[in-house]
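Engineer:
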Amino acid sequence: GLGPTEDDLTREAIAEMLGEELRIDPVSEQRIRERFAQRGIEMAPSNIKQAAVIPSAKAIHNARGTAPGWWVEKDGHILMAMPGPPGEMHHMWHTEVLPRLHQRATGAIIFSKTLKVFGLPEGTVGELVSPLLSSANPTLGVYAKADGIHLRFTAKAQGQKQAEEMLARGEARVRSILGESIWGTDNDTLASVVGHVLAEKGLSLAVMEYCTGGLLTATITDAPDVSVYFRGGLIPYSNEALIAYGVDAKLIYDYGAI
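In this text, residue positions in the sequence shown follow UniProt numbering: the first is 1, and each later residue adds one.
1. Use the C-beta contact count for Asp25: other C-beta atoms within 10 angstroms, 16 or more gives buried, fewer gives exposed.
2. Measuring straight from C-alpha to C-alpha, what distance separates Leu140 and Ala37?
3. For the candidate residues Lys250, Ile220, His61, whose alpha-carbon lies nearest to that of His91?
4. Go through the UniProt domain "MoaB/Mog" (1-102) residue by residue and report every complete run of the alpha helix (DSSP H) that reaches 4 residues or more, in order.
5. What would DSSP say about Gly195, mapped onto helix, strand or coil?
6. Roughly how many angstroms separate the alpha carbons of Leu190 and Gly69, rounded to a whole number?
7. Kindly provide the ranges of any beta strand (DSSP E) runs that are 3 or more residues long and lie completely inside the UniProt domain "CinA C-terminal" (188-257), ordered along the chain.
8. Indicate whether the contact test is met: 3 or more Cβ pairs, each with one atom in the region 70-85 and one in the region 118-125, closer than 8 Å.
9. From this set, Pro45, Arg33, Val53, Leu242, which residue's C-alpha is nearest Thr10's C-alpha?
10. Going straight from the alpha carbon of Ala51 to that of Asp225, what length do you get?
11. Tell me which same chain residues have a C-beta within less than 8 Å of the C-beta of Ser238, skipping the five on either side of it?
12. Does DSSP put Pro148 in a helix, in a strand, or in coil?
13. Reducing DSSP to helix, strand and coil, say where Ser112 ends up.
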């Protein structure tokens, strides 16, 4: 309910409940305008609604989308609102909201950073970064995942700046060891990283898939801002459709469609 449409009413509901008036936060407005400019898309005036806050609310930066979250402290209570898209919400929770809650509960702040590795087995990665595994703060864990090996740093500090500096030093050491084997960080997916490269180089992508039933297209379109570079996908199944879209008929008749 933090989006730009008329049925996005979370801000209005909170404002009415707390008896406060909405106003436009200029910093959030500027970030939203910059986000659209980076996409090369003209911003509709309705998007300004996403920059609205109440006096007791602080906007939470959304690094994955346009709608800022809300952090409200009033009468001894905390109220948080985060955007609904999973990629935006998960990133905001782990990088913005959870560290603030930890800080309030313990007096310290906890930040984490994940580096994603491809092309190396878990054992090899563990051996290469073994000098860092004994560190108490930040700690480093090695995890095997579907998209490769994840290295997760977790730092505990008295403030965000100190925690980020600790993570940056750890990341620099790992990058000096693993180099180009690192393909992404945190909430990056293979699809989002490839999409970023395509958009950055001004390239486009279209696919035709058989037997996967749209799985490739679904994977590609799960990334943000996909319309900037993805032109579409075809899922032909009959031999006639495959031939019509350019598959050599002789290959199909000699070897079969699969």
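Cβ atoms here follow ideal geometry from the backbone N, Cα and C, with glycine treated the same way. These numbers come from a predicted model, not from an experiment.
Structural biologist: Concretely, from the data shown:
1. What you label residue 25 is simply residue 25 of the sequence shown in a count that begins at 1. The residue is buried, with at least 16 neighbouring Cβ atoms inside 10 Å.
2. To locate residue 140, count along the sequence shown from 1; it is residue 140. To locate residue 37, count along the sequence shown from 1; it is residue 37. Rounded to whole angstroms, Leu140 to Ala37 spans 37 Å at the Cα level.
3. For the purposes of this step, residue 91 is identified with residue 91 of the sequence shown, where counting begins at 1. Closest by alpha carbon: His61.
4. 10-18, 26-39, 86-92
5. Walking along the sequence shown from the start, residue 195 turns up at place 195. Correct three-state label for Gly195: helix.
6. Residue numbering aside, residue 190 sits at position 190 when the sequence shown is read from its first letter. Residue numbering aside, residue 69 sits at position 69 when the sequence shown is read from its first letter. Cα-Cα distance, rounded: 26 Å.
7. List check, beta strand (DSSP E) in window: 205-208, 230-234.
8. no
9. The residue you call residue 10 lines up with position 10 of the sequence shown. For the options Pro45, Arg33, Val53, Leu242, the alpha carbon positioned closest to that of Thr10 is the one of Val53.
10. Start at 1 with the first residue of the sequence shown, and residue 51 comes out as number 51. Start at 1 with the first residue of the sequence shown, and residue 225 comes out as number 225. Spanning the two alpha carbons is a distance of roughly 20 Å.
11. If you number the sequence shown from 1, residue 238 lands on position 238. Correct list: empty, nothing qualifies.
12. For the purposes of this step, residue 148 is taken as the residue at position 148 of the sequence shown. What sits at residue 148 in the sequence shown is Gly, not Pro. Of the three classes helix, strand and coil, the one that applies to Gly148 here is strand, per DSSP.
13. Here residue 112 refers to the residue found at position 112 of the sequence shown. If DSSP states are grouped into helix, strand and coil, Ser112 belongs with the strands.
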